[in-house]
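Last residue of the sequence shown: 374 in our numbering, with the numbers rising by one and none dropped.
A virtual CB, placed ideally from N, CA and C, is assigned to each residue, including glycine.
Notes to accompany the following structure.
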Amino acid sequence: MSNSGKVIEETEASYEQQCYDKVEKASGALNIFKVPNKLRKVKEDAYSPRLVSIGIYHREKHELAAMQEHKHRYRRYFEKRLNESATSRESFESFFINTLAEKIASCYVGRIGYYEHYNLNMMLEEQSDDPIFNTIWIIPALRQDLALVENQIPFFILQTLYEEPKGNNKGVDDPPGGTEGYKHLLDLLHKFYLPSQPKSTNNKQHPAGAGDSSIINITNMDIPGSGSYNNWGFNYCASQLLESGIEIERQSSEKHLLNITFSKGVIRIPSLFIDDNISLLRNLIAYEQYSISSNHITSYPILLKSLIRSSKDIKILRQRRIINSNWIDDEVYLAQCHSILDEVVVKDFCFADLCNQVNAYARNSGFADV
């Protein structure tokens, strides 16, 4: 190996080590990570992009290469917009490297890249309008890909790429306010589905020992043994609840996924999320498991699993338009509902009060606990 080649190799190795050191020191900022193998093996395609990669984890995949030509073209379009504004490409690149590179590195778990400008080049290839989006299947595929745990870029990058080309015209056609505090697009979606004022979780309905969980080493992403959640949820399935005199209705307001209520003998539930959005639900759960201290989305399939135990329960929910996916047969739907928690560590349950009220109401109607 020539001396110059050796210097380049040592420089790359040194930079990679620096990136890892930054990640170790800034562990509180880590929020974009690889899905652990135990979770991925349950449903491999739920965590892998099918059309486009963003960020660092899937960039080199051959099956996603078809979008690279479009991404390079978008980059040239972005550079043209920079030249038309008060910001030159050189000044923007300098700003990106000197101001944002370390912040970007602190967001990712694992390999960051070898060159200081690697992330800049990558981020500049991820946006713009194009006639390709007129293809009927493209938008749904993109929506799914952009909501994957492993397929994220920091939200502040999206804001920077949007604002910089406007130069002195900042403020014109600005996106709606309230975008502060989002880590990436999946984090934005997670916050969207939460109640406006989430109730603090508690262990009123915890089985013995279920509240205990191992601390996850985020650099290894090891999964501790899943906690038992069999004693959480409704004691009765949908058909049994109807027999007890409890009615089940579709929630008139579906603004929040978790807006499930019980009042005057009626359970009201928004349209169920386990259908077209099964991949999104799995990724939201993975995000809760390994990045943030929340169990709200993870609690959702626990509740559904206790409510849906047979095809009879599914038919009841279809009749009430709580399940709308007619293209998924009952047995497949049941299997999806029950497998979504495989290899998931359950630490808390956010619907304990609701389930306690429903269970007590059913018992008072003469039903024994199941």
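* Specify whether the segment 288-303 and the segment 335-355 touch according to this definition: at least 3 beta carbon pairs, one from each stretch, less than 8 angstroms apart. => Cβ pair count under 8 angstroms is three or more, so yes.
* To do: Could you spell out the range, first to last residue, of the beta strand (DSSP E) harbouring residue 376?
  => Shown here, the chain extends from 5 to 374; a query on residue 376 therefore has no answer.
* Give the range of the beta strand (DSSP E) segment to which residue 252 is assigned. => 251-254 is the span of the beta strand (DSSP E), which, as asked, contains residue 252.
* residue 370 burial status per 10 Å Cβ neighbour count (16 or more: buried) -> Label assigned to residue 370: exposed.
* Which residue from 48, 36, 344, 141 puts its Cα closest to that of residue 186? -> Relative to the Cα of residue 186, the nearest Cα in the group 48, 36, 344, 141 belongs to 36.
* **Segment contact flag, the segment 304-314 with the segment 234-241, C-beta cutoff 8 angstroms, min 3 pairs** => The segment 304-314 vs the segment 234-241: in contact.
* Who does residue 265 pair with in a DSSP beta bridge? -> For residue 265, which the question treats as bridged, DSSP gives the partners 272.
* Limits of the alpha helix (DSSP H) - the one that residue 366 falls within -> Segment 356-368, the alpha helix (DSSP H) holding residue 366.
* Asked: Taking contact to mean at least 3 C-beta pairs separated by less than 8 angstroms, is the segment 269-278 in contact with the segment 326-339?
  -> The answer is yes - the segment 326-339 touches the segment 269-278, with three or more Cβ pairs under 8 angstroms.
* With DSSP as the reference, label residue 112 as helix, strand or coil. => Residue 112 falls in the strand class under three-state DSSP.
* To do: Counting only the same chain and skipping the five closest in sequence on each side, list residues whose C-beta sits under 8 angstroms from that of residue 11.
  => With a pLDDT of only 48 at residue 11, under the threshold of 50, the placement of this residue in the model should not be trusted; the figure read from the coordinates follows. Take residue 11, set aside five residues on each side of it, and no residue of its chain has a beta-carbon closer than 8 angstroms to its own.
* Measure from the alpha carbon of residue 54 to the alpha carbon of each residue in 151, 163, 145, then state which is nearest. => Ranking the options by Cα distance to residue 54, first place goes to 145.
* Where residue 345 and residue 49 are concerned, what is the direct C-alpha to C-alpha distance, given to the nearest angstrom? -> Roughly 16 angstroms between the two C-alpha positions.
* Could you please give me the residues that DSSP links to residue 36 through a beta bridge? => According to DSSP, which records beta bridges pairwise, residue 36 is partnered with 112.
* Helix, strand or coil: how does DSSP classify residue 353 here? -> Reduced to three states, the DSSP call for residue 353 is strand.
* Is the distance from the Cβ of residue 321 to the Cβ of residue 262 below 9 angstroms? -> The Cβ atoms of residue 321 and residue 262 lie no closer than 9 angstroms to each other.
* Let me know the secondary structure DSSP gives residue 238 once reduced to three states. => Coil.
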